[in-house]
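Top line first, the protein sequences correspond to chains A and B.
Okay, so the first sequence: first residue is 1357 according to this note's numbering, each after it adds one.
Okay, so the second sequence: first residue is 1357 according to this note's numbering, each after it adds one.
Beta carbons are placed, not taken as given, at the ideal position from N, Cα and C, and that holds for glycine.
The block underneath contains the structure these notes are about, expressed in structure tokens.
Protein chains: 2
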Amino acid sequence: MNIKKADKIPSIVVPRLSRYYRILFELDSSPLISSKVLSEHTGFTAAQIRRDLAYFGQFGSPGRGYNVEELKKTIKNILGLDRAWNVCVIGTGNLGMALLGYNGFKDQGFEVVAAFDSDPEKIGKTVNGIKILSISEMAKVVREKNIQIGLLTVPGRVAQQAAENAVNSGIKSIMNFAPVHLKLPENVKVRHIDMTVEIERLSFMISRE
Amino acid sequence: MNIKKADKIPSIVVPRLSRYYRILFELDSSPLISSKVLSEHTGFTAAQIRRDLAYFGQFGSPGRGYNVEELKKTIKNILGLDRAWNVCVIGTGNLGMALLGYNGFKDQGFEVVAAFDSDPEKIGKTVNGIKILSISEMAKVVREKNIQIGLLTVPGRVAQQAAENAVNSGIKSIMNFAPVHLKLPENVKVRHIDMTVEIERLSFMISRE
DNA sequence: TAGATTGTTAATCGATTAACAATC
DNA sequence: TAGATTGTTAATCGATTAACAATC
């Protein structure tokens, strides 16, 4: 595995890599797989798949295809999944609680190691082995537990404030579930899962058929 | 309000409309708003905002900007939010339960009116006023309650099957939360909220700074 | 060798942006 | 009228695809 440090990766490529990666585990594993077969299983074109992978190096072998095990390792490395990530939940409402109980991330190396809330009623309770802590302890805990990612599941009206507090506590990347566009320093990595926007896309699609 | 039936809307435009729409409610409402001001609040360029809106007609007034109330109504109409949508939750695990308790969709006209599960332990229980029903009742309930949208929150391994069952029960559009690409008839509208892909994007971003 | 498939180039497609006449 | 801002055109930018020499 010899991954090129391409610095101009269109960001749209990355979720496709995740999809390729997932497919490699779902398929009966013949030792080799071609871009054509990956195409059939993902719906992306074979050319696009080859192009996407080529951003990072030459992993295939002409006439034969890609070695499945090697490709798994390669994409795992590209996506940063070859290490453990410590995650915290910020806001233990319905969604925060659900994420505390969700084990789907764990398989890929994301472990929820802490949860924070501002509600005295909730602080001190334990959910799925995780004790809910006061947000005032965030800086200390982020340091002690080496937390890299915050899952922001607070109500929209306090999301900006909670995000700033998380950043001040040392969190460098945030998965924002609140229906609010966060304004944060450029060095903070943010992804936004905006369910309201998504359900409105669906409503748009249904409305104009 | 005179909305053009433009048939070639780039699908990327739609989530931006949602964002504009949201901002209109968040801002102190002067009667008019310019693409420049919308730009400052959303981060999209003014040219892009004007272009996006122009796909659907001429809503602005040169030299003055857009009438806020009219623009709200217009986007509401474009997104199909000027009516009620009946929604069901399919799968009452952690996430399904969270969505049953989530009221954020209601404001935009999406009401959860039913929940389904296959687990006899759960069937019959009531959560947030919604009784959990057997999936075998789905066809009947979808018809009776006029359900248009299914929120698919079952485990990945049964997602395809559950989705097919939903479609056979009359569901025409699905918000898929399972980490699986669904293969469904073309006329079924699907949006995919893929948390695994999203957290892997974050991991990618952190890994290569 | 014949057939298959990669990696890459060049062509195409589609979305964004700059610029400005029209207009309030 | 002077200033502001739209809607739209043309130019630019960036991503996708077709095609194919290289190679297994």
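{"Item": "Contacts that residue 1466 of chain A makes with chain B (C-beta to C-beta distance below 7 Å)", "Value": "1555"}
{"Item": "Below-9 Å beta-carbon distance, residue 1422 of chain B vs any chain A residue", "Value": "no"}
{"Item": "Backbone CA spacing between residue 1395 of chain A and residue 1565 of chain A [nearest angstrom]", "Value": "28 Å"}
{"Item": "The region 1511-1522 of chain B / the region 1454-1461 of chain B touching (three or more Cβ pairs under 8 Å)", "Value": "no"}
{"Item": "Buried versus exposed, by CB contacts within 10 Å (16 or more), residue 1535 of chain A", "Value": "buried"}
{"Item": "Chain-ordered chain B contacts of residue 1458 of chain A [CB-CB under 9 Å]", "Value": "1449, 1450, 1451 and 1551"}
{"Item": "Within chain B, the residues that residue 1535 of chain A reaches when beta carbons sit closer than 8 Å", "Value": "1378 and 1460"}
{"Item": "Residues of its chain near residue 1402 of chain A, where Cβ-Cβ distance is below 8 Å and the 5 sequence neighbours each way are ignored", "Value": "1390, 1391, 1392, 1394 and 1395"}
{"Item": "Length of the line joining the Cα atoms of residue 1421 of chain B and residue 1494 of chain B", "Value": "48 Å"}
{"Item": "Limits of the alpha helix (DSSP H) - the one that residue 1507 of chain A falls within", "Value": "First-last for residue 1507 of chain A: 1505-1508, but that is the beta strand (DSSP E), not the alpha helix (DSSP H)."}
{"Item": "8 Å contact criterion, which residue 1558 of chain A and residue 1547 of chain B should meet: CB distance rounded", "Value": "5 Å"}
{"Item": "Cross-strand partners of residue 1531 of chain B (DSSP beta bridge)", "Value": "B:1507 and B:1547"}
{"Item": "Contact set between residue 1547 of chain A and chain B, taken where Cβ atoms lie within less than 9 Å", "Value": "1554, 1555, 1557, 1558 and 1561"}
{"Item": "Cutoff 8 Å; reference residue 1520 of chain A; Cβ partners in own chain excluding five residues on either side", "Value": "1540"}
{"Item": "Cβ pair count under 8 Å reaching 3, the region 1424-1432 of chain A against the region 1380-1390 of chain A", "Value": "yes"}
{"Item": "Range covered by the alpha helix (DSSP H) that runs through residue 1379 of chain B", "Value": "1369-1382"}
{"Item": "Paired residues, beta bridge with residue 1445 of chain B - DSSP", "Value": "B:1471 and B:1507"}
{"Item": "Residue 1445 of chain A versus residue 1522 of chain A: straight-line alpha-carbon distance, rounded", "Value": "11 Å"}
{"Item": "Contact set for residue 1439 of chain B: own chain, Cβ-Cβ below 8 Å, skip 5 residues either direction", "Value": "1465"}
{"Item": "Exposure label - residue 1408 of chain B; buried when at least 16 CB within 10 Å", "Value": "buried"}
{"Item": "Cross-chain neighbours of residue 1528 of chain B in chain A, by beta carbon under 8 Å", "Value": "1562"}
{"Item": "Whole-Å CB distance - residue 1491 of chain A paired with residue 1412 of chain A, under 8 Å assumed", "Value": "Between residue 1412 of chain A and residue 1491 of chain A the Cβ distance is about 39 Å, and since that is not below 8 Å, they are no contact."}
{"Item": "Proximity below 9 Å, CB of residue 1505 of chain A to CB of residue 1488 of chain A", "Value": "no"}
{"Item": "Cα-Cα separation between residue 1497 of chain A and residue 1538 of chain A, rounded to whole angstroms", "Value": "23 Å"}
{"Item": "Environment of residue 1482 of chain B [buried if 16+ CB atoms lie within 10 Å]", "Value": "exposed"}
{"Item": "For residue 1461 of chain B, the three-state DSSP class (helix, strand or coil)", "Value": "coil"}
{"Item": "Cβ-based burial, residue 1543 of chain A [other Cβ within 10 Å; buried from 16]", "Value": "exposed"}
{"Item": "Distance between residue 1473 of chain B and residue 1533 of chain B (C-alpha atoms, nearest Å)", "Value": "15 Å"}
{"Item": "CA-to-CA distance, residue 1448 of chain B to residue 1562 of chain A, given in whole angstroms", "Value": "25 Å"}
{"Item": "Minimum Cβ-Cβ distance from residue 1396 of chain B to chain A less than 9 Å", "Value": "no"}
{"Item": "Separation of residue 1531 of chain A from residue 1508 of chain A, as counted between CA atoms", "Value": "6 Å"}
{"Item": "Where residue 1321 of chain A meets chain B, residues with beta-carbon distance less than 9 Å", "Value": "Past the edges of chain A, shown from 1357 to 1565, lies residue 1321 of chain A, and the structure says nothing about it."}
{"Item": "Whole-angstrom C-beta distance between residue 1458 of chain B and residue 1442 of chain A, which should lie under 8 Å", "Value": "About 27 Å separates the two Cβ atoms, so there is no contact after all."}
{"Item": "Chain A within 9 Å of residue 1375 of chain B, Cβ atoms only", "Value": "yes"}
{"Item": "Simplified DSSP assignment, three categories, for residue 1560 of chain B", "Value": "helix"}
{"Item": "Coarse secondary structure for residue 1401 of chain B, derived from DSSP in three states", "Value": "coil"}
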